[in-house]
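These notes concern the structure reproduced below.
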Amino acid sequence: RRYRNAERTDEPGFLFLEIDGLSEPVLLKAMAAGYMPTLKRWLDEGSHRLMQWDPDLSSQTSASQAGILLGSNEGIPTFRWWDKPRQQLMVSSKMGTAHELELQLSTGNGLLANGGAGRWNAFSGDAADNIGVFSVFGDASRGSDNTVLGFLFSPYLLSRILTLYIIDVFREWWQSWQQRRQDIRPRIDRPWKYAFVRSGTTTAMQEASRALLTADILRGTPEVYNTFFGYDEVAHHSGILSPDSLKVLRTLDHVIAHLERVTHEAPRPYYIFVLSDHGQSEGATFEQIYGVSLGDVVQKLIEPHRPTRLTEITEDDEAMGHVNAALSDVVAGDSTTARTVRRLLRKRTSDGKVSLDRKDAAVPQPSPGVTDVVVLASGNLGVISFPEWPHLMTLEELDAAFPALVPGLVDHPGVSLALVTSAEHGPLAIGKTGVYYLETGRVEGQDPIARFGPHAARHLLREAKFVNVPDIVLIGEVNEQTGETPAFEDKLGNHGGLGGWQREAFVMFPAEFTPAVEEIVGAGHLHDLLKQWMAESRAKVAGGVAAADGLR
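One gets my numbering by counting positions in the sequence shown from 1 and adding 173 to each.
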């Protein structure tokens with residue numbers, strides 16, 4: 174009723190629904206098994222088409238969403254990295270990091286610049302209306318209409334969220350016990366407290382999205398981009414095709430079906446896009462297989478040459494970042510509920526930002542005679558940096574300072590290749606039995622990147638050219654028989670590098686739009702295509718052509 178007088182128009186709106194971490198192969202299996210009947214119906218009826226796209230080397234949310242929403246992810250080499258130009262640790266799930274990156278990358282003409290709205294995203298897409306968006310938290314000029322926020326604090330929604338949240342906490346405990354009881358492998362430890370984080374993404378944020386998107390559609394918002402994090406979070410811990418993960422997809426399909434029905438009451442026609450930012454691969458972790466962490470391997474290879482102080486960060490803090498962003502928006506409100514939550518979380522709030530996770534790991538201050546090394550992980554992509562050297566260390570410098578390091582890493586059975594830069598030859602991908610010279614395409618010995626697809630060289634070279642690329646970038650080994658990709662961090666389903674289904678993201682788009690002639694490679698390329706489709710659709714209406722049939 175609140176929006177029944179919204180101005181009606183023939184100009185179409187665009188609803189982008191991102192399912193974080195869902196690969197095209199898993200989507201197809203989920204539809205075939207009956208978990209996503211709404212999306213299957215769209216394909217069966219011909220209202221939508223399905224297109225695969227290839228993410229950048231850093232196949233994770235911050236890099237992909239920067240490209241999709243802002244048009245560029247230049248300078249985001251991985252999920253977390255030691256940034257030499259800034260001389261600081263950057264972690265994508267932190268609001269401060271996202272804010273810095275948005276200032277660096279935004280041109281003012283992002284995907285949502287035409288009066289759009291962002292919901293639970295890493296970046297704003299230059300939208301003026303944002304809720305739960307990491308990069309613009311605290312910017313009052315980029316917040317949301319209070320009438321929209323009001324939907325979050327309705328007694329019905331709050332009671333529904335609380336009920337579903339409690340149910341899902343017990344569901345996670347039950348599913349975790351069942352996985353252990355049946356001795357399903359590979360698996361990782363799922364601490365009892367993890368259930369509360371998981372439920373934040375699978376119930377609280379998902380139900381909030383349902384309410385917010387309903388309001389956005391009914392008031393005729395021109396373009397909206399919303400991220401659903403639940404599948405990605407559950408797949409990390411339970412497995413990409415586990416019953417736990419597939420059940421999350423079933424609930425997401427229910428939400429999408431609801432939004433489809435709501436568009437029939439909207440003051441404008443809507444195109445609905447369903448897409449993913451990356452997929453996930455799967456496997457037992459590096460530490461489970463080899464009994465040591467990547468940091469342990471690095472330290473052992475360095476210590477014969479000089480004393481070392483190692484900082485290794487591989488904790489799973491992505492989901493907690495989403496929960497922190499959501500709660501930060503809640504406590505910023507003026508309602509009775511917001512004030513109550515603000516009081517409850519006052520000891521966890523600083524400058525309006527809620528932080529429920531542990532303190533960030535700090536890189537130690539320099540100490541005479543001791544070499545600091547920072548080892549970080551994002552799925553099966555590992556990075557190593559030496560803060561003592563303010564510039565990118567060349568291969569020659571690495572070999573001089575730590576003669577056993579690069580050869581030892583490459584020879585490890587859990588490492589597929591190392592990306593380093595030679596002063597003489599430029600960026601190199603070094604494998605166990607061969608070297609790929611990325612600037613010339615010359616191969617010496619056996620090609621170390623051939624099995625990673627036709628775009629691997631392009632991705633690696635682009636990464637190597639970033640001004641803040643880590644000194645060493647590692648790609649973990651891929652099991653050729655099972656397709657499993659062991660992660661350098663404690664995740665079962667994982668993503669961040671090369672190999673497996675993490676590379677197979679998708680877009681399900683209305684059939685009225687002409688598919689790309691060439692393969693979509695990189696999130697920036699996908700951004701350009703989406704902007705082109707939006708402009709063409711609006712141009713038809715502006716030119717007096719009726720909106721195409723089949724709008725949803």
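All C-beta atoms, glycine included, are put in the ideal place defined by N, C-alpha and C.
Boundaries of the beta strand (DSSP E) harbouring residue 227: 221 to 227, taken from the DSSP string. In the structure shown, residue 255 adopts extended strand secondary structure according to DSSP, grouped into three states. Here DSSP, grouped into helix, strand and coil, assigns residue 203 to helix. Taking the Cβ atoms as the reference, residue 283 lies roughly 17 Å from residue 305, outside the contact range of under 8 Å. For the options 602, 234, 393 and 341, the alpha carbon positioned closest to that of residue 667 is the one of 234.
Here the C-alpha atom of residue 669 lies approximately 13 Å from the C-alpha atom of residue 678. One alpha carbon belongs to residue 355, the other to residue 661, and they sit about 26 Å apart. Runs of the alpha helix (DSSP H) lying entirely within the stretch 616 to 690 and spanning at least 4 residues, in chain order: 629 to 637.
Residue 182 and residue 211 have their alpha carbons spaced roughly 27 Å apart. DSSP places residue 269 in the uninterrupted alpha helix (DSSP H) bounded by 268 to 278. Around the beta carbon of residue 339, fewer than 16 other beta carbons sit within 10 angstroms, so the residue counts as exposed.
Rounded to whole angstroms, the Cβ separation of residue 230 and residue 296 is 19 Å, and the two are not in contact under 8 Å. The secondary-structure analysis by DSSP pairs residue 399 across a beta bridge with 190 and 292. When C-beta atoms of the stretch 433 to 442 are compared with those of the stretch 412 to 420, fewer than three pairs fall below 8 Å, so the two segments do not count as touching. In the three-state scheme derived from DSSP, where H, G and I count as helix and E and B as strand, residue 209 is classed as coil. If you check the CB distance, residue 461 and residue 359 come in under 8 Å.
Between residue 419 and residue 236, the CB-CB gap reaches or exceeds 8 Å. Residue pairing by DSSP places residue 333 in no beta bridge whatsoever. Across the set 382, 216, 549 and 627, the C-alpha of 382 shows the shortest separation from the C-alpha of residue 303.
Beyond the five residues adjoining it in sequence on each side, residue 673 comes within less than 6 Å, by CB distance, of 454, 656 and 658 in the same chain, given in chain order.
Note that the C-beta distance between residue 254 and residue 263 is below 8 Å. For the options 618, 600 and 620, the alpha carbon positioned closest to that of residue 612 is the one of 600. Counting along the chain, no alpha helix (DSSP H) covers residue 589; the unbroken beta strand (DSSP E) around it starts and ends at 588 to 595. With a contact defined as Cβ atoms closer than 8 Å, residue 194 and residue 451 qualify at about 6 Å. A distance below 6 Å between beta-carbons, with the five flanking residues on each side excluded, links residue 247 to no residue of its chain. Distance between residue 487 and residue 471, taken at the CA atoms: about 14 Å. At a Cβ-Cβ threshold of 8 Å, residue 395 and residue 244 do not count as neighbours. Within the stretch 345 to 382, the runs of alpha helix (DSSP H) at least 4 residues long that lie entirely inside it are, in chain order, 367 to 372. Boundaries of the alpha helix (DSSP H) around residue 419: 416 to 436. Residue 553 places its beta carbon less than 8 Å from that of residue 648. With a beta-carbon spacing of about 5 Å, residue 650 and residue 587 fall inside the 8 Å limit used to define contacts.
Judged by DSSP in its simplified three-state form, residue 264 adopts strand. Closest in alpha carbon position to residue 598, among 604, 589 and 608, is 608. Secondary structure at residue 600: strand, using DSSP grouped into helix, strand and coil. Per the Cβ contact rule, the stretch 569 to 586 is not in contact with the stretch 206 to 220 (fewer than 3 Cβ pairs under 8 Å).
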